[in-house]
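If you use my numbering, the sequence shown corresponds to residues 2 to 471, in order.
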Amino acid sequence: MSGSSSVATRSGAGEINTVCVVGSGGREHALAVVLGRTADVIVTPGNPGITGVTPEGHTIASVGTPAEEIEADLYVIGPEAPLVDGLADRLRAAGRLVFGPGADGARLEGSKAFMKELLAEAGVPTARYGTFTDPVAAKTFLRTLPGPWVVKTDGLAAGKGVLVTDSRSEAEADIDAKLSGRAFGDAGRQVVVEEGLTGHECSLLVLCDGRRLAALAPAQDFKRLEDHDRGPNTGGMGAYSPVPFVDEALVGRLVHEAVAPLVAALRARSIDYRGVLYAGVMLTPEGPKVLEFNVRFGDPETQVVLPRLEGDLAGLLAEVATGSLVSVPRFADTAAVCVVLAAAGYPASPRTGDEIAGLDRASATHGVTVFHAGTAPTRAAERTGERDAHRADGPAQGAGPGAVVTSGGRVLGVTALGDSLAAARAQAYRGVSAISWPGMQCRSDIALAASGESPLAAVPTALEPQEGGR
2 MSGSSSVATR
12 SGAGEINTVC
22 VVGSGGREHA
32 LAVVLGRTAD
42 VIVTPGNPGI
52 TGVTPEGHTI
62 ASVGTPAEEI
72 EADLYVIGPE
82 APLVDGLADR
92 LRAAGRLVFG
102 PGADGARLEG
112 SKAFMKELLA
122 EAGVPTARYG
132 TFTDPVAAKT
142 FLRTLPGPWV
152 VKTDGLAAGK
162 GVLVTDSRSE
172 AEADIDAKLS
182 GRAFGDAGRQ
192 VVVEEGLTGH
202 ECSLLVLCDG
212 RRLAALAPAQ
222 DFKRLEDHDR
232 GPNTGGMGAY
242 SPVPFVDEAL
252 VGRLVHEAVA
262 PLVAALRARS
272 IDYRGVLYAG
282 VMLTPEGPKV
292 LEFNVRFGDP
302 ETQVVLPRLE
312 GDLAGLLAEV
322 ATGSLVSVPR
332 FADTAAVCVV
342 LAAAGYPASP
352 RTGDEIAGLD
362 RASATHGVTV
372 FHAGTAPTRA
382 AERTGERDAH
392 RADGPAQGAG
402 PGAVVTSGGR
412 VLGVTALGDS
422 LAAARAQAYR
432 GVSAISWPGM
442 QCRSDIALAA
452 SGESPLAAVP
462 TALEPQEGGR
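Quick look at the structure:
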């Protein structure tokens, strides 16, 4: 998708020379690399891969200093937890320019019950649902729904608090585990029980300055651990962009029917939302229905959407932060595919400390960027300091074998750009083939259907854009 104007290099707050990004995952690494096209970037707390000098000559550094103690022209908060905790409010109270909602807006993701309530209030199409703290009432409602069934923790669960199942007994057991606190502690002591929706799923990131909206390129992610959408839910095992069955007309319809009404409902509650709204949408035979709204950039969607962005991301996000969004995001006519590499035991109990091999070879693959997420330096790598700080896509590669170890569930994201989804997919998996550690997990079917290498079911005719959908 494209627009009629390029992204501004200056915002209403003046020139953006330094950006502070809060977070430590692959999403924050991607943000840092793209922000680093026009500004110096400080990431807190960052990780071993988020450091270096960009091709444009801007520095990227990971530091352990809290965001409140960092001097920057713009603050971009990556994960949902600090947003729900009110970090944006504290920074704004100190006079800082912040991209990200306050705690009142972040409640959209902090409480799925609140999000569903707001969708109903705004008239946004979504799955039939009920909210419960009592397991008997939850199971009684569950039995009124046709399968498949969905059980969600109300609170934050790092993307792993959702069960989608065709087994009613499994859904009922999950209700018991969550409401008892065994599964997710206090985050699960209230649950949302939903009917399962079928169709094509897509993710849409929409910038919001409190009033105006600007959609980014759509993406599709893969939440299940194993090929063919099997296995447990995860934070995301891969993504691609663009999405063949989501054109500009459909994007306009989604903004008009789902995002704009939600923002109006937020404003009716005196919530001035300045940040990104991440809509998870199911394209059903009856039309689009919202699965969820998140209050931050998606991970791994960010790793395929932002590398395609043309222009100045820092200036664009500053426009959002100042409530003066006028620029139209423009995207290169390329495709991007990201394959996530996960640790042994993920998602239930990821193993840490496994040495990662092949980062240098993967990063040398044409069109490939390796985004670090759950990585940490070995002691040997720590002693080398900034020896290899000339790269923005993974400094630890030069520190020798074993310089980086696994430290979380989703460890790396291998993103490739190409002239087509098939070309980008091929390059991404070439990069993946260079990397290894004991027990490494990844899917082999990311973007497989969309790339044309296997049939993709036709989009339902009910999804044809409606008159005035823009």
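Each residue gets a CB set at the ideal place from its N, CA and C atoms; glycine is no exception.
- T303 has its alpha-carbon roughly 7 Å from the corresponding atom of A31.
- Secondary structure at F246: coil, using DSSP grouped into helix, strand and coil.
- The Cβ atoms of F298 and E110 lie no closer than 9 Å to each other.
- Burial is judged here by how many other beta carbons sit within 10 angstroms of a residue's own beta carbon; H229 has fewer than 16 and is exposed.
- In the displayed model, S434 falls within a helix according to three-state DSSP.
- G239 carries a strand assignment under DSSP once its states are collapsed to helix, strand and coil.
- Within its own chain, the residues whose Cβ lies closer than 8 Å to the Cβ of V64, once the five positions on either side in sequence are excluded, are I43, V44, T45, P46, G47 and I71, listed in chain order.
- In the three-state reduction of the DSSP assignment, P136 falls in the helix class, which pools H, G and I.
- In the DSSP assignment, D210 falls within the beta strand (DSSP E) that extends over H201 to D210.
- Collapsing the DSSP output to three states places A345 in coil.
- For L75, the pairing in a beta bridge is given by DSSP as V20.
- Under the criterion of beta carbons closer than 8 Å, D210 and E81 do not qualify as touching, at roughly 20 Å.
- Under the three-state reduction of DSSP, P262 is assigned to helix.
- The three-state reading of DSSP puts A218 in coil, since its state is none of H, G, I, E or B.
- Contact between the segment 357–364 and the segment 432–446 is established, with three or more Cβ pairs separated by less than 8 Å.
- Distance between Y76 and D41, taken at the CA atoms: about 12 Å.
- Note on E57: under 16 other CB atoms within 10 angstroms of its CB, so exposed under the neighbour-count rule.
- Counting C-beta atoms within 10 angstroms of its own C-beta, D187 has fewer than 16 neighbours from the protein chains shown and is therefore classed as exposed.
- For the segment 277–351, the continuous alpha helix (DSSP H) assignments of 4+ residues that do not extend past its boundaries occur at 303–306 and 314–322, in sequence order.
- Classified as buried, A343 has 16 or more neighbouring CB atoms from the shown chains inside 10 Å of its CB.
- About 5 Å separates the beta carbons of T353 and T407, which is inside the 8 Å limit, making them a contact pair.
- An exposed status is given to R183, since fewer than 16 other beta-carbon atoms sit within 10 Å of its beta-carbon.
- Measuring C-alpha to C-alpha distances from G24 to each of E122, V291 and P49 identifies P49 as the nearest.
- In the three-state DSSP reduction, E57 falls in the coil class, being neither helix nor strand.
- Per the coordinates, the alpha-carbon of S242 lies some 15 Å from the alpha-carbon of D446.
- Taking each of V22, E29, G409 and C21 in turn and checking the Cα distance to P308, the smallest one comes out for E29.
- Counting C-beta pairs with one atom in each stretch, the segment 259–271 and the segment 199–215 have three or more that are closer than 8 Å, which means they touch.
- Annotated three-state conformation of S170 is helix, per DSSP.
- Here the alpha carbons of K113 and E195 stand approximately 11 Å from one another.
- Our two residues, S328 and T39, have alpha carbons roughly 16 Å apart in a direct line.
- V35 and R275 have their C-alpha atoms spaced approximately 20 Å apart.
- Distances from the CA of G346 to each of G440, T199, G15 and A404 were compared; the closest alpha carbon is that of G440.
- Per DSSP, the beta-bridge partners of A377 are V406.
- In chain order, I78, G101, P102, A107, V296 and R297 place their CB closer than 7 Å to the CB of L84, counting only its own chain and leaving out the 5 sequence neighbours on each side.
- The Cβ-Cβ distance between V252 and P219 falls below 9 Å.
- In the structure shown, D90 falls within a helical segment according to DSSP collapsed to helix, strand and coil.
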